[in-house]
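S.K.:
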Amino acid sequence: MFVLATLVALATTGCTSYRLMRDGQVNTKAAARIQARVETTRGLKFRAPVPIQAVTQAEARAALERELHAQYSSEDLAKLSRVYAALGLVPVGTDLERAYLDLYGQQVAGFYDPIGSRMVLVEGAIPTDFLTRTLGAVLRRDFAGELVLAHELTHALQDQHYGLEVGRNDLGEDDAELARHAVYEGDATLAEFAVVMGSLGRRSAVSLAGQLEGVPGALAQAYPEIPAAIRETVAFEYVAGVNFVSWAYERAGWDGVNALLAHPPFSSEQILHPEKYFVRAEYPLSVRVGGLAPYTSGGWQVAEECTIGEFTTRILAAQFLPRERAESVAAGWGGDRMVALTHGDDLAIVWLTSWDTEQDAIEFFTGYGAILALQHPESRAQAAEPTVLASQGPFPYRLEREGTRVLVVEGPLDADLARTTERVWRRSTYQQTMPAVPLDLATRTVAPTTTTPITRAPLAAALPIAAAAPIAADPR
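Residue numbers are given in our numbering: position 18 of the sequence shown equals residue 281, and the series is strictly consecutive.
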């Protein structure tokens, strides 16, 4: 009883010299100790000081809002909301701007701002339970604060040594950017635990990855009002990111992780299936949708163009199909390009996909046909032939398969969508993506690859690290 009373007294005492945040101010001595441990753990030195600023939760939300609006206008976000709703990723009427700010404004305890090269800690937002406070008081350690600061300082190291590629205009590489952010978050999550624990055995990295499997469920319970696609994209960066990065950490320690930052994966497919990066490398096909000039010159405007990728295809399918079926619909992804066009109140989608095998293409063809039938039950679909599915009703859509490729056209782009698909098939191009240098995770290197730096993840899931990029119309 005396021991328990002593622990309670320690947990509630006003002596908090070890705490990272005190009276709305950053404890600079504690922060400096953590920064030194981050350098030692990651084997990288900070090239420039990283200012740490304490802000209120309201100020943090305002900063995130400014960061978002520096890249997206409210009109752009409204367009994206409409496109994502048309695809079925989010419910019709979703306000993406509010959803992003509600999620990040409520759950963020700190973030690294790569534009200002500064760290922001949010007063009162670092979570602690009684046991954590008690143990911290006994050991004079602010465990929760150390985890947050170590995580975000790792992002600062990533930025200073490898660049977080903020403010670039390489638009539309959403899936590749999601893969990059999974590496950023996987690295930072492994590092934060290594810093706090003092070390991280290579087997412990795998164990940690397994313990994070509950994150999607926890987010769903905490934020049921946020669309599932947004929540699951956020969770993907941490859960799948740690799993992917742990492959490199097991093989070559932190040098292996640094090599990942220098040679990032090309797609969410590689994050979902690490063997497609580390064992039998598979690089996505770069798909460019052609044949749309008659429409863009006739009043249609490109509202969004991007690569959807395996993960987001899986999430989309899971909104309508059982999860196991959704995974099989997205499996075997080899590359894609989606173009969304608007003309007044009308919206059309052209989505050209490539698959590893003909069976993978058939699985997507039949699965996506089922999704469209569920989305538009009033538009009965008719299979004119085994490789063509066309709607007969108020909402026009058409699916066609040619070997390992499937083309989806939705919306009133043309009175005859067969004419659209014929143009797109004839004028679209494909190019195999390949790394410019061999991958060697045992050697730290900063040599570039053939990929270009990108700035936006699907659904802007990476806002605490990098702001989203503006939408640009394709002059095709």
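Don't be surprised by glycine CBs; every beta carbon is placed ideally from N, CA and C.
#1: Under the rule that 16 or more other beta-carbon atoms within 10 Å means buried, what is residue 372, buried or exposed?
#2: For residue 278, which of helix, strand or coil comes out of DSSP?
#3: Would you mind reading off the limits of the alpha helix (DSSP H) that contains residue 578?
#4: Thinking C-beta only, is residue 692 closer than 9 Å to residue 588?
#5: Using three-state DSSP, classify residue 374 as helix, strand or coil.
#6: Do you know offhand how far residue 730's Cα is from residue 686's?
#7: Residue 286 by DSSP, collapsed to three states: which one?
#8: Closer than 8 Å is the cut-off here; do at least three beta carbon pairs connect the region 673–682 with the region 529–548?
#9: Short check: CB of residue 346 to CB of residue 567, under 9 Å?
#10: Use the C-beta contact count for residue 300: other C-beta atoms within 10 angstroms, 16 or more gives buried, fewer gives exposed.
#11: So does the region 559–573 actually touch the region 595–605, counting three or more Cβ pairs closer than 8 Å?
#12: Which complete beta strand (DSSP E) runs does the region 516–593 hold, if anything under 3 residues is left out?
#13: In angstroms, rounded to a whole number, what distance separates the CA positions of residue 581 and residue 626?
#14: What residues in its chain sit with their C-beta under 6 Å from that of residue 306, if we drop five residues either side in the sequence?
#15: Would you mind working out which of 618, 654 and 608 sits nearest residue 591, comparing C-alpha positions?
#16: Between the region 407–426 and the region 512–527, do at least 3 Cβ pairs fall closer than 8 Å?
#17: Which residue comes first and which comes last in the alpha helix (DSSP H) that contains residue 639?
#18: If you draw a straight line from the C-alpha of residue 719 to the C-alpha of residue 292, how long is it?
#19: Rounded to whole angstroms, what is the Cα-Cα separation between residue 502 and residue 318?
#20: Note down, one range per segment and in chain order, each beta strand (DSSP E) of at least 3 residues found wholly within the region 310–389.
#21: If I follow the unbroken beta strand (DSSP E) through residue 653, where does it start and stop?
#22: Return the CA-CA distance between residue 335 and residue 493, expressed in angstroms with no decimal places.
#23: Would you kindly work out how many angstroms separate the C-alpha atoms of residue 651 and residue 640, rounded to a whole number?
#24: May I have the straight-line CA-CA distance separating residue 375 from residue 316, to the nearest angstrom?
#25: Specify the secondary structure class of residue 601 as computed by DSSP and reduced to three states.
#26: Could you have a look at residue 631 and say whether DSSP puts it in helix, strand or coil?
#27: So, with DSSP's three-state summary, where would you put residue 678?
#28: Output the distance between the C-alpha atoms of residue 527 and residue 506, rounded to the nearest integer angstrom.
#29: Would you mind giving the Cβ-Cβ distance between residue 409 and residue 297, rounded to the nearest angstrom? I have them listed as a contact below 8 Å.
#30: In whole angstroms, what is the alpha-carbon distance linking residue 557 and residue 653?
#31: Return the residue from the list 671, 666, 561 and 413 that minimises the CA-CA distance to residue 634.
#32: For residue 612, write down the residues that DSSP places opposite it in a beta bridge.
#33: Looking at C-alpha atoms only, which residue of 440, 484, 421 and 412 is the closest neighbour of residue 458?
#34: Excluding the five sequence neighbours on either side, which residues of its own chain have a C-beta within less than 6 Å of the C-beta of residue 694, listed in chain order?
#35: Terminal residues of the continuous alpha helix (DSSP H) containing residue 291?
#36: Can you say whether residue 620 is buried or exposed, counting buried as having 16 or more other CB atoms within 10 angstroms of its CB?
M.R.: Reading off the structure:
#1: Sixteen is the threshold: when 16 or more other Cβ atoms of the shown chains lie within 10 Å of the Cβ of residue 372, as they do, the residue is buried.
#2: Residue placement at residue 278 is poorly supported in this model, since its pLDDT is 45, which falls under 50; the coordinates are not used for a value here.
#3: Element bounds for residue 578: 572–581.
#4: Residue 692 sits away from residue 588, with the two beta carbons spaced by 9 Å or more.
#5: Taken through DSSP and simplified to helix, strand or coil, residue 374 comes out as strand.
#6: Because the pLDDT of residue 730 is 26, which lies under 50, any placement of that residue in the model is unreliable, and the number read from its coordinates should be weighed accordingly. Between residue 730 and residue 686, the C-alpha separation is close to 36 Å.
#7: If DSSP states are grouped into helix, strand and coil, residue 286 belongs with coil.
#8: Below 8 Å, too few C-beta pairs join the region 673–682 and the region 529–548 to call them touching: fewer than three.
#9: If you check the CB distance, residue 346 and residue 567 come in under 9 Å.
#10: Flag for residue 300 reads buried.
#11: The region 559–573 is in contact with the region 595–605.
#12: The qualifying runs are 548–551 and 564–569.
#13: A straight line joining the alpha-carbon of residue 581 with that of residue 626 spans about 14 Å.
#14: Cβ within range, chain order: 517.
#15: Closest option to residue 591, Cα to Cα, is 618.
#16: The region 407–426 is in contact with the region 512–527.
#17: Counted as a single uninterrupted DSSP element, the stretch harbouring residue 639 is not any alpha helix (DSSP H), since DSSP gives it neither H nor E.
#18: Since pLDDT at residue 719 reaches only 29, below the 50 mark, its modelled position is unreliable, and no value is offered.
#19: Taking the straight line from one Cα to the other gives about 28 Å.
#20: Taken in chain order, the complete beta strand (DSSP E) segments of 3 residues or longer contained in the region 310–389 are 315–318, 373–376 and 381–385.
#21: 651–655 is the span of the beta strand (DSSP E), which, as asked, contains residue 653.
#22: Cα to Cα, residue 335 sits roughly 17 Å from residue 493.
#23: Going by the C-alpha atoms only, they are around 18 Å apart.
#24: The straight-line gap from Cα to Cα measures roughly 10 Å.
#25: Note: residue 601 maps to strand in three-state DSSP.
#26: Here residue 631 sits in helix by DSSP.
#27: Of the three classes helix, strand and coil, the one that applies to residue 678 here is coil, per DSSP.
#28: For residue 527 and residue 506, the distance between alpha carbons rounds to 15 Å.
#29: Confirmed, about 6 Å.
#30: Taking the straight line joining both Cα atoms gives about 22 Å.
#31: The residue from 671, 666, 561 and 413 with its alpha-carbon nearest to that of residue 634 is 671.
#32: Under DSSP, residue 612 takes part in a beta bridge, and its partners are 603 and 673.
#33: For the residues 440, 484, 421 and 412, the minimum Cα distance to residue 458 belongs to 412.
#34: Taken in chain order, the residues that qualify are 549.
#35: Taken as a continuous stretch (DSSP letters only), the alpha helix (DSSP H) holding residue 291 covers 291–305.
#36: Residue 620 sits exposed, since fewer than 16 C-beta atoms from the chains shown fall within 10 Å of its C-beta.
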